[in-house]
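S.K.: Please see the structure below; I have some questions.
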Amino acid sequence: MSTTITDIATQAHCSVSTVSRVLSKQAKKYRISREMEERILQVAQKLNYRPNHLARGLRLKQSQTIGLVVPDISNPFFAYVTRIIQTFAYNAGYSLIVCNTDENLQTEIDQIELLRSKGVDGFIIMPVGVRYSHLKELLDDGIPLVLLDRCFDEIQTNSVIVNDYKGAFEAVEHLLSEGHTRIAIVQGLAETHTNRARLRGYLDALAKYGIAPDENLIVGDDFRKNNGYIETKILLRLEQPPSAIFTTSDLITLGALQAIQEEGFLIPEDISLVSFDDTDFAPFLYAPLTAVSQPKELMGEIAVKLLIEDLKSKGQKEKKRIVLEPQLIVRKSVAHCPPIVH
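Here the working numbering is used: the first residue of the sequence shown is 53, the next is one more, and so on.
Pasting the structure below:
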């Protein structure tokens, strides 16, 4: 049978309310003596007391848990951000329940309903990003929500994103400045805010240099490794293959690297490559990878901070969209491409 605060009160020779105040770290507030506080804590330790968080949550109408919804936990970017969120949530006194949606909208909807049934206090959601009606339902029901990485202009909630347009523009402009004119993009999930911004950055960089986009070089349909692998294979076998490829996620990059190796191409001698997302392995490749780095740690930290502020204010604080700046890290995966002499 588990120990209760009544058991502690009996052995410590004090009231139940005094035990409750000590165990909830309110001894100073209620002017409980240091001697009494230490006695209660010693008895609690001796009796191996474990607080019933479920009962406390029901009483206070708080569970001290956050629901985190992730589109693909196997993606190094999402895995890293998840770890950061867990660290900052824990330090703030919250537990984290993580659900993976496998980039599937219906799974996302189901997982959100599951987390609601568990009574989480609020959500941090990295959505699939193609529909938002189920997210609006959370807000309509007064449930605190922070969108991370992918957002929607149509709903007013806290969100943390990166300037995807700027990152893509600078990546492609770097290739153009090195003389590349046939630049392919392997894009992600077409309907997402993230992908639209990165594609727009690619197209505007081409336009700045007076280069018309070639539809044969705009490929891809999700952020997965297979997408990068298959599309890169096809690009390298075109009658006029690109001299450079811009990949729009770390998993796409991984697939592209596999395809490039299998086709017998060398980076940057035969094909130049720039990636959006600076993966851990990027600096250690045979040709260290030029990449757009996202401030992953800041993204996770700010998302937790925004959610906890919303929880404490009971939704009264003004909603914010925080846009963080990426950084292009130039390494050695881009060759100088001399102009073609006709």
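Note that CB positions come from ideal geometry on N, CA and C, so glycine has one too.
Check each candidate in Leu358, Asp173 and Thr284 and name the one with the smallest Cα separation from Ser115.
M.R.: Stepping through the sequence shown from its first residue, residue 115 is reached at position 63. Taking only the C-alpha atoms, the option nearest Ser115 is Asp173.
S.K.: Could you pull the start and end residues of the beta strand (DSSP E) that Leu241 belongs to?
M.R.: For the purposes of this step, residue 241 is identified with residue 189 of the sequence shown, where counting begins at 1. Element bounds for Leu241: n/a, residue is neither H nor E.
S.K.: Between which residues of its own chain and Val382 is the CB-CB distance below 7 Å, once the five residues before and five after are set aside?
M.R.: Within the sequence shown, residue 382 is the residue found at index 330, counting from 1. If we look at Val382 and ignore the five residues flanking it on each side, its Cβ neighbours are His226 and Thr342.
S.K.: Between Leu325, Ala144 and Gly240, which has its C-alpha nearest Ala223's C-alpha?
M.R.: Position 171 of the sequence shown, counting from 1, holds the residue named residue 223. Of Leu325, Ala144 and Gly240, the residue nearest in Cα terms is Leu325.
S.K.: Please return the same chain residues whose Cβ sits closer than 7 Å to the Cβ of Pro390, not counting the five positions on each side in sequence.
M.R.: By one-based count along the sequence shown, residue 390 stands at place 338. Contacts found: Gly231.
S.K.: Let me check understanding here. Comparing Cα to Cα, which of Gly272, Gln163, Thr300 and Leu241 lies closest to Gly219?
M.R.: If you number the sequence shown from 1, residue 219 lands on position 167. For the residues Gly272, Gln163, Thr300 and Leu241, the minimum Cα distance to Gly219 belongs to Thr300.
S.K.: I need the straight-line Cα distance from Asp162 to Glu155, nearest angstrom please.
M.R.: Residue numbering aside, residue 162 sits at position 110 when the sequence shown is read from its first letter. Residue numbering aside, residue 155 sits at position 103 when the sequence shown is read from its first letter. So the alpha carbons of these two residues sit roughly 13 Å apart.
S.K.: For Leu258 and Ile270, what's the separation of their Cα atoms in angstroms?
M.R.: For the purposes of this step, residue 258 is identified with residue 206 of the sequence shown, where counting begins at 1. For the purposes of this step, residue 270 is identified with residue 218 of the sequence shown, where counting begins at 1. So the two alpha carbons sit approximately 12 Å from each other.
S.K.: Name the two residues that bound the continuous alpha helix (DSSP H) containing Asn279.
M.R.: Taking the first residue of the sequence shown as position 1, residue 279 is located at position 227. Start and end: Lys277 to Leu288.
S.K.: Along the beta strand (DSSP E) that carries Ala343, what are the first and last residues, could you check?
M.R.: Here residue 343 refers to the residue found at position 291 of the sequence shown. Counting along the chain, the beta strand (DSSP E) containing Ala343 begins and ends at Thr342 to Ser345.
S.K.: Applying the 10 Å Cβ sphere with the 16-neighbour rule, what's the burial state of Gln346?
M.R.: Here the question's residue 346 lines up with position 294 in the sequence shown. With 16 or more other Cβ atoms within 10 Å, it is buried.
S.K.: Does the distance from the CB of Ala141 to the CB of Ile118 come in under 9 Å?
M.R.: Here residue 141 refers to the residue found at position 89 when the sequence shown is read from its first residue. Here residue 118 refers to the residue found at position 66 when the sequence shown is read from its first residue. Yes, the pair counts as a contact, with Cβ atoms nearer than the cut-off.
S.K.: Can you tell me where the alpha helix (DSSP H) with Gln163 in it begins and where it stops?
M.R.: Along the sequence shown, read from residue 1 onward, the residue named residue 163 stands at position 111. Residues Leu157 to Ser169.
S.K.: Please state whether DSSP places Gly174 in a helix, a strand or coil.
M.R.: Position 122 of the sequence shown holds residue 174. Of the three classes helix, strand and coil, the one that applies to Gly174 here is strand, per DSSP.
S.K.: Which ranges would you report for the alpha helix (DSSP H) in the segment 250-333 if only whole runs of at least 4 residues count?
M.R.: 277-288 and 302-314
S.K.: Should Val238 and Ile354 be called a contact, given that it needs their Cβ atoms to be closer than 9 Å?
M.R.: Reading the sequence shown from its first residue, position 186 is the one you call residue 238. Reading the sequence shown from its first residue, position 302 is the one you call residue 354. Result no, Cβ atoms of Val238 and Ile354 do not sit closer than 9 Å.
S.K.: Hey, could you find the ends of the beta strand (DSSP E) Asn143 is sitting in?
M.R.: Locating residue 143 in the sequence shown gives position 91, where the first residue counts as 1. Here Asn143 belongs to no beta strand (DSSP E); instead the alpha helix (DSSP H) covers Pro128 to Asn143.
S.K.: Return the CA-CA distance between Asn302 and Lys81, expressed in angstroms with no decimal places.
M.R.: Translated into positions along the sequence shown, residue 302 becomes position 250. Translated into positions along the sequence shown, residue 81 becomes position 29. Note that residue 302 is Asp in the sequence shown here, rather than Asn. Approximately 50 Å between the Cα atoms of the pair.
S.K.: Using the Cβ count rule (16 or more neighbours within 10 Å means buried), how would you classify Gly307?
M.R.: As a working note, residue 307 is residue 255 in the sequence shown. Buried is the call here.
S.K.: Do you know whose CA, among Glu321, Thr159, Lys170 and Asn210, lies nearest His186's CA?
M.R.: Here residue 186 refers to the residue found at position 134 when the sequence shown is read from its first residue. Of Glu321, Thr159, Lys170 and Asn210, the residue nearest in Cα terms is Thr159.
S.K.: If you reduce the DSSP assignment to three classes, tell me which class Val393 lands in.
M.R.: Along the sequence shown, one-based indexing puts residue 393 at 341. Because the pLDDT at Val393 is just 45, under 50, the model does not fix this residue reliably, and the point stays unresolved.
S.K.: Under a Cβ-count criterion, where at least 16 other Cβ atoms within 10 Å of its own Cβ denotes burial, should Leu309 be classed as buried or exposed?
M.R.: Counted from its first residue, the sequence shown places residue 309 at position 257. Counting Cβ neighbours within 10 Å, Leu309 comes out buried, since at least 16 surround it.
S.K.: Any heavy atom of the ligand COA inside 8 Å of the beta-carbon of Gln292?
M.R.: The ligand COA is not part of the structure shown, which contains no ligands of any sort.
S.K.: Using 10 angstroms around the beta-carbon of Glu283, count the other beta-carbons present and answer buried if the total reaches 16, otherwise exposed.
M.R.: For the purposes of this step, residue 283 is taken as the residue at position 231 of the sequence shown. Buried.
S.K.: Below 8 Å on the Cβ atoms is my guess for Asn152 versus Ile176; work out the distance and round it to an integer in Å.
M.R.: Mapped onto the sequence shown, residue 152 falls at position 100. Mapped onto the sequence shown, residue 176 falls at position 124. For Asn152 against Ile176, the beta-carbon gap comes to about 14 Å, at or over 8 Å, which does not count as contact.
S.K.: Taking the alpha-carbon positions, what's the Glu291 to Ala339 distance?
M.R.: Translated into the one-based positions of the sequence shown, residue 291 becomes position 239. Translated into the one-based positions of the sequence shown, residue 339 becomes position 287. Straight-line Cα distance between these residues: approximately 26 Å.
S.K.: In this structure, does DSSP put Leu350 in helix, strand or coil?
M.R.: Numbered from its first residue, the sequence shown carries residue 350 at position 298. Looking at Leu350 - three-state DSSP - the assignment turns out to be helix.
S.K.: From Ile286, Asp330 and Asp329, pick the residue whose C-alpha is nearest to that of Ala311; which is it?
M.R.: Against the sequence shown, residue 311 aligns to sequence position 259. Nearest C-alpha to Ala311: Ile286.
S.K.: Below 7 Å CB to CB, which residues in the same chain sit around Arg73 once its five sequence neighbours on both sides are set aside?
M.R.: On the sequence shown, residue 73 is found 21 positions in, with the first residue counted as 1. Around Arg73: Ala79, Tyr82 and Ile84.
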